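Protein chains in written order, with this note's numbering: chain A, 1 to 249; chain B, 1 to 161.
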């Protein structure tokens, strides 16, 4: 066969590109799921949280979260009249085993002491600071409003970890890439709810699709006052908190 | 005098420039994945990769297709809104292969206390007990049926404790 040098060089180039796409494969698409039909958020009713840690356990099993790291966690607040600006906050091991009763005589003892639990997770911000600082396009907001990390692209530079005002990101100790709550993207695209919502016994957490007019969140928002964390940062957070105390940061 | 007699230099410069551009485009096509920029400044395929991860919690709808008897008992009691996997743990493997993967029955003396152990930070509406005084280490299911915990409730009758 007579192959010219020019033809050979062109051919090897083309073959290499083709081989690359063979190696990468094309991941399966979820049937009947349209990215543009959804806008995901989460509704958290602080009054319903009992601090059992079911969400933390479910999340860590569902997403294979390394030990000692958390994609969701629960905080216990203790506030009194004098300490609105600096409440006592603890979260023993992310509350993966719940909360032990505070030993008597410890903590705040002033007037109007109140205690409550606050579940935390990625707020899936619309204008997320974490995606804006990524130098390689490894983290992004999907067209359906979920902030994800591309583990194949992430360099592990930690810009996003320090950019997140809510402390929701960490570097995986073995993979050395940024990880965070995916809002159980592998579940919600299949019509299931997130693992934390599935495991929450009191319905304190509810997955919400803001583009679905039948979603109960619209009715809830109409009748209740709902807040986001750190609204002054204008991140467009989509973790909506009902019955949130003003001392929560 | 021929005005264009040295034009060959220019042609060569333009030639080098064009080769440079072509080389850049080739290298770029090689390094930038096909789906990059599909939706924005990231790899579009990575959305599909995250979505393709395996599920671990089956979801209560899946449980209820087989265990509809438990659903009936649960519906009548206070635990109506508590999903199966909140207590029984992740069961996607059991749902896929119910024959060989059998879930372990949780120990009620530990399980129930996770939620119902008294703690001053728990909301006031939520029923709690100090288990040390309330049951003295006995498993809760000695008296309560977990799926419908009210003692003496008719709906729980007949269900195995």
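All C-beta atoms in this analysis are idealised placements derived from N, C-alpha and C, irrespective of residue type, glycine included. These numbers were taken from a predicted model, which means no experiment stands behind them.
Secondary structure at residue i, three-state DSSP: helix, strand or coil?
i, result
"residue 121 of chain B", "coil"
"residue 141 of chain B", "helix"
"residue 81 of chain A", "helix"
"residue 63 of chain A", "coil"
"residue 233 of chain A", "helix"
"residue 24 of chain B", "helix"
"residue 92 of chain B", "helix"
"residue 219 of chain A", "helix"
"residue 75 of chain A", "strand"
"residue 205 of chain A", "strand"
"residue 30 of chain B", "helix"
"residue 45 of chain B", "helix"
"residue 240 of chain A", "strand"
"residue 97 of chain A", "coil"
"residue 114 of chain A", "strand"
"residue 148 of chain B", "strand"
"residue 9 of chain A", "helix"
"residue 53 of chain B", "coil"
"residue 111 of chain B", "helix"
"residue 97 of chain B", "coil"
"residue 37 of chain A", "helix"
"residue 4 of chain B", "coil"
Rounded to whole angstroms, what's the CA-CA distance from residue i to residue j? Just pull it up for me.
i, j, result
"residue 64 of chain B", "residue 87 of chain A", "43 angstroms"
"residue 162 of chain A", "residue 173 of chain A", "16 angstroms"
"residue 147 of chain A", "residue 139 of chain A", "7 angstroms"
"residue 34 of chain B", "residue 98 of chain A", "45 angstroms"
"residue 100 of chain B", "residue 92 of chain B", "13 angstroms"
"residue 198 of chain A", "residue 12 of chain A", "51 angstroms"
"residue 171 of chain A", "residue 69 of chain A", "9 angstroms"
"residue 103 of chain B", "residue 84 of chain B", "12 angstroms"
"residue 250 of chain A", "residue 154 of chain A", "Absent from the structure is residue 250 of chain A, since the part of chain A shown begins at 1 and ends at 249."
"residue 133 of chain A", "residue 200 of chain A", "33 angstroms"
"residue 109 of chain B", "residue 138 of chain B", "6 angstroms"
"residue 59 of chain A", "residue 55 of chain B", "11 angstroms"
"residue 69 of chain B", "residue 123 of chain B", "31 angstroms"
"residue 32 of chain A", "residue 187 of chain A", "14 angstroms"
"residue 34 of chain A", "residue 193 of chain A", "16 angstroms"
"residue 27 of chain A", "residue 50 of chain A", "Residue placement at residue 27 of chain A cannot be trusted, given a pLDDT of 49 that sits under 50; the coordinates are not used to answer."
"residue 110 of chain A", "residue 84 of chain A", "12 angstroms"
"residue 204 of chain A", "residue 243 of chain A", "11 angstroms"
"residue 90 of chain B", "residue 207 of chain A", "18 angstroms"
"residue 52 of chain A", "residue 61 of chain B", "23 angstroms"
"residue 126 of chain A", "residue 2 of chain A", "58 angstroms"
"residue 147 of chain B", "residue 80 of chain B", "8 angstroms"
Could one say the Cβ of residue i lies closer than 8 angstroms to chain D's Cβ atoms, at least one of them?
i, result
"residue 198 of chain A", "This model lacks chain D altogether, as its protein chains are A and B."
Got a sec: does the ligand COA put a non-hydrogen atom nearer than 7 angstroms to the Cβ of residue i?
i, result
"residue 49 of chain B", "Among the components of this structure there are no ligands whatsoever, and the ligand COA is therefore not found."
For the stretch 41-50 of chain A against the stretch 203-220 of chain A, are there 3 or more C-beta pairs whose distance is under 8 angstroms? Contact between the stretch 41-50 of chain A and the stretch 203-220 of chain A is present, because at least three Cβ pairs lie under 8 angstroms.
At a CB distance below 7 angstroms, what residues from the stretch 54-66 of chain A approach chain B? Give them in sequence order. If the cut-off is 7 angstroms between Cβ atoms, the stretch 54-66 of chain A has 54, 58, 61 and 62 near chain B.
Which runs of the beta strand (DSSP E) spanning at least 3 residues fall entirely within the stretch 116-196 of chain A, listed in chain order? Counting only runs of 3 or more, we get 139-141 and 147-149.
Taking contact to mean 3 or more Cβ pairs, one atom from each stretch, closer than 8 angstroms, check whether the stretch 7-20 of chain B and the stretch 236-248 of chain A are in contact. no
Quick check: the stretch 226-239 of chain A against the stretch 4-13 of chain B, are there 3 or more CB pairs under 8 angstroms? Segments in contact, no.
Is it a yes or a no for the stretch 106-123 of chain A touching the stretch 66-86 of chain A, going by three-plus beta-carbon pairs under 8 angstroms? These segments touch.
Looking at chain B, which residues of the stretch 146-157 of chain A have a Cβ within less than 9 angstroms of any of its Cβ atoms? 146, 148, 149, 150, 151, 152 and 153
Should the stretch 66-78 of chain B be called in touch with the stretch 32-52 of chain B, which here means at least 3 C-beta pairs below 8 angstroms? Too few Cβ pairs lie closer than 8 angstroms, so no.
Select from the stretch 38-53 of chain B all residues with a C-beta closer than 7 angstroms to any C-beta belonging to chain A, and list them in chain order. 39, 40, 41, 42, 43, 45, 46, 47, 48, 49, 50, 51, 52 and 53
At a CB distance below 7 angstroms, what residues from the stretch 92-124 of chain A approach chain B? Give them in sequence order. For the stretch 92-124 of chain A, the set of residues with a beta-carbon nearer than 7 angstroms to any beta-carbon of chain B comprises 98, 99, 101, 102, 115, 116 and 117, in chain order.
Taking a Cβ distance cut-off of 7 angstroms, strictly less, list which residues of the stretch 120-131 of chain B are near chain A, in chain order. 120, 121, 122, 123 and 126
The stretch 172-201 of chain A: which residues have C-beta closer than 8 angstroms to a C-beta of chain B, in chain order? 182, 185, 186, 187, 189, 190, 192, 193, 195, 198, 199, 200 and 201
Give me the subset of the stretch 81-99 of chain B whose CB atoms are less than 7 angstroms from a CB atom of chain A, sorted by chain position. 81, 82, 83, 85, 86 and 90
So, do the stretch 138-151 of chain B and the stretch 109-118 of chain B have three or more beta carbon pairs nearer to each other than 8 angstroms? Yes, the stretch 138-151 of chain B touches the stretch 109-118 of chain B.
Check each residue of the stretch 106-117 of chain B: if its Cβ is closer than 8 angstroms to any Cβ of chain A, include it; give the result in chain order. 114, 115 and 117
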